[in-house]
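When you read off a place in the sequence shown, starting at 1, and then add 1, the result is the number in my numbering. Beta carbons are placed, not taken as given, at the ideal position from N, Cα and C, and that holds for glycine.
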Amino acid sequence: MPEPTGGSLDGRMVYVAFAGLGLSMLLGAVDQTIVATALPSIATDLGSLDQVFWVVTAYLITSTAVTPLYGKLSDIYGRRRLTQAAILVFLVGSVLSGLSQSMLQLALFRGLQGIGGGGLMAMAMAGIGDIFTTRERGKYMSYLQLVNGGAIMIGPLFGGFLADQFTWRWIFYINLPLGLLAFGLVQVALDVPVPGKSHRIDYGGAGLLVIAVSALVAVSSWGGSRYAWTSPTILSLTVITVVGTALFLVQERRTVEPMVSLDLFRNRSVLLITVLSVLLGGVMLGVVNYIPIFMKTVLGESGVNTGALLIPFTLGSIGSAILAGQLMSHLGRYKSLTVAGLVVTTIGCYLLSTMGTEVSLLQTAIYMFMTGTIGMTGPTLATAIQNAVSGDDIGEVSSLYSFARNLGEALGVSAFGIVFNRRVTAELRDVLPAGTSPRSISQSPKAIHQFPPQLQQQVVQALVDAFHDVFLVGALLLVAALVASLALPNHDLKEESGAERRATTSDAPAESED
């Protein structure tokens, strides 16, 4: 195996640095899944069931909004400083969340936690870009996918255990030892030089970006669920999104050193991979969200079986990512692997759209595994977008990639929700008993069994039709992603690390982060 290189890092320190980056990413990945299972306990303890959605929304808004900022700042001040800053803010937010005595406090501290969480994945990717050659990088990106997949499997179980056996507050306190260990490993090992030239920070662009993205995520999270699409709240947030985005684009064109360089999108690889990341982020979360609902409402499966059927998806995601990473390291190419993964994923998602009341658990597991091969695109696209730019821009494009994925997830949940609710409402509006909302059926599977047999059949068929629409839309989005992937340039992967590329292209001498 080729020896990894990290510029000034020796072989042993490279792996210590990677362990620190992997642990920091684990913090953010687990948080996305561990909190969901504890929400009922949180609502009961703090007595605000109608406000518990803020626990998730506050984190989602801040983590998505700040992600692009980490990349540019880390290109200026260094990966170690920004990685450690993200970890510290995340840990402070975690401790304060655990100490919260009201839902308002918890929402505010979750927002603070999200400011740190928004940098964890982006900095892990950028750090790997610095310490490994581009050809070796895909292999280590796939290991991050393993971390993420493990978090998806373990997080809900661990969160439920802590909430049931101890208190929900421990789902936040448990971050402290892991975070401190990650902080220490990064301090010891991630000593990658940064350019010695001075920079100006685009505070105006940063502020406008945070405002626009926060409003957009709020619209996608609340539209059609908490508030009607035509409500003053959603319309106001939409206006803020549009105006904020327009002002941000003007600001980035005018400033000498923009927070997000729009010139990067002239690079075909960067543009296409950003689009792909939005599409794939939306499809992946849509499948993960709606398969459990299908299992419970249409097939009447238990919570155990429903949870177990997410395992094939996770295994497909992890296995395909590791395979892609190994092949990419061996072949030095990424395009064919991306296309192959999307072909299998598209077929799997289409097969999900064909499922009805007679589908077996084995069939569902196979379809889920095939759809899970979307994980192959993680290491290939992350490596490709870094390979397409100079060493000075690795942090910025890494954050852009993470941001696009997060934004796609937020928009995907909203889009699939619109598709699902529109079909269910159209078919059940005139047949359900007075006072029963069509949307509530998917949220309370047991309610279906309280209806007369004939109405039960109508309800189940309406749900089958709605799930068909959701997964078919997912398959069509994957077809669009497949077409975009065919247009990707097929550049050879470079044989130097990001730190080495930065050192050879920079006019100014590099400086240590010490």
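Which first and last residues belong to the alpha helix (DSSP H) in which Val96 is found? 80 to 99
Note down the Cα distance separating Ile467 from Arg424, rounded to an integer number of angstroms. Strictly speaking, residue 467 in this sequence is Ala, with Ile absent from that position. The alpha-carbon atoms of Ala467 and Arg424 are separated by roughly 5 Å.
Straight-line gap, Leu338 to Val344 (C-alpha atoms, nearest Å): 10 Å
Nearest by alpha-carbon distance to Leu107: which of Ala59, Leu74, Ala411, Ile116 is it? Ala59
Taking the DSSP output, what are the residues bridged to Tyr228? Gly224
Close Cβ partners of Met260 (< 6 Å) along its chain, the five nearest in sequence each way excluded: Lys73, Asp203, Gly206, Ala207
Can you tell me whether Gln451 is buried or exposed? The criterion is at least 16 other CB atoms within 10 Å of its CB, across all chains shown. exposed
Does the beta-carbon of Trp230 have 16 or more other beta-carbons within 10 angstroms, so that it is buried, or is it exposed? exposed
Skipping 5 residues on each side, what residues in its chain have a beta carbon closer than 7 Å to that of Thr365? Leu310, Met356
Measure the beta-carbon distance from Thr298 to Arg138 and round it to whole angstroms, keeping in mind my assumption that it falls under 8 Å. Not quite, the Cβ-Cβ distance comes to about 42 Å (not below 8 Å), so this is no contact.
Tell me where the alpha helix (DSSP H) around Thr365 begins and ends. 362 to 373
Whole angstroms is fine: what's the gap from Pro510's alpha carbon to Tyr402's? With a pLDDT of 40 at Pro510, under the threshold of 50, the modelled position of this residue cannot be trusted, and the question is left open.
How is Thr34 classed by DSSP in three states: helix, strand or coil? helix
Considering only residues of the same chain and omitting the five flanking positions on each side of Lys488, which have a CB-CB separation below 7 Å? For the sequence presented, residue 488 should be read as Ala rather than Lys. Answer for Ala488: Leu273, listed in chain order.
If I follow the unbroken alpha helix (DSSP H) through Asn178, where does it start and stop? Note that residue 178 is Pro in the sequence shown here, rather than Asn. Per DSSP, Pro178 belongs to the alpha helix (DSSP H) from 176 to 190.
Between the alpha carbons of Thr381 and Leu429, how many angstroms are there, rounded? 43 Å
Nearest candidate by alpha-carbon position, reference Gly349, set Asp165, Thr426, Asn388, Met285: Met285
Thinking just about the alpha-carbon of each residue, which of Thr347, Glu359, Gly79 is nearest to the one in Ile375? Thr347
Which residues bound the alpha helix (DSSP H) around Met329? 311 to 332
Check each candidate in Glu359, Gly409, Asn491, Gln33 and name the one with the smallest Cα separation from Leu158. Gln33
Contact set for Phe110: own chain, Cβ-Cβ below 7 Å, skip 5 residues either direction: Gly94, Leu97, Ser98, Ser101
Which stretch, first to last residue, makes up the alpha helix (DSSP H) that contains Tyr402? 395 to 429
Whole-angstrom distance between Glu258 and Asp264, CA atom to CA atom: 11 Å
Ignore the nearest five residues each way along the sequence and tell me which others in Thr275's own chain have a CB closer than 7 Å to its CB. Leu401, Ala405
If distances are taken between C-alpha atoms only, which option among Thr246, Thr168, Met104 comes closest to Trp55? Met104
CA-to-CA distance, Gly379 to Val271, given in whole angstroms: 15 Å
So, using beta-carbon positions, are Leu483 and Val340 closer together than 8 Å? yes
Can you tell me whether DSSP reads Phe19 as helix, strand or coil? helix
With a threshold of 8 Å on Cβ separation, who are the neighbours of Phe417 within its own chain once the five nearest residues in sequence on each side are excluded? Gly283, Gly287, Asn290, Tyr291, Val471, Val474, Gly475
Does the beta-carbon distance from Gly317 to Phe370 come in below 8 Å? yes
Rounded to a whole number of angstroms, what is the C-alpha to C-alpha distance between Gly251 and Arg201? Checking the sequence shown, residue 251 turns out to be Val, not Gly. Looking at the two C-alpha atoms, the distance is approximately 18 Å.
Near Leu28, what residues of its chain come up, given a Cβ to Cβ distance below 8 Å and the 5 sequence neighbours on each side ignored? Ile88, Phe91, Gly118, Leu121, Asn176, Leu179, Gly180, Ala183
From Gly128, Leu324, Ala389, Ser330, residue whose alpha carbon lies closest to that of Val15: Gly128
Close Cβ partners of Asp394 (< 6 Å) along its chain, the five nearest in sequence each way excluded: none
In this structure, does DSSP put Asp165 in helix, strand or coil? helix
Please identify the residue among Met142, Val53, Phe266, Pro293 whose C-alpha is closest to the C-alpha of Gly23. Met142
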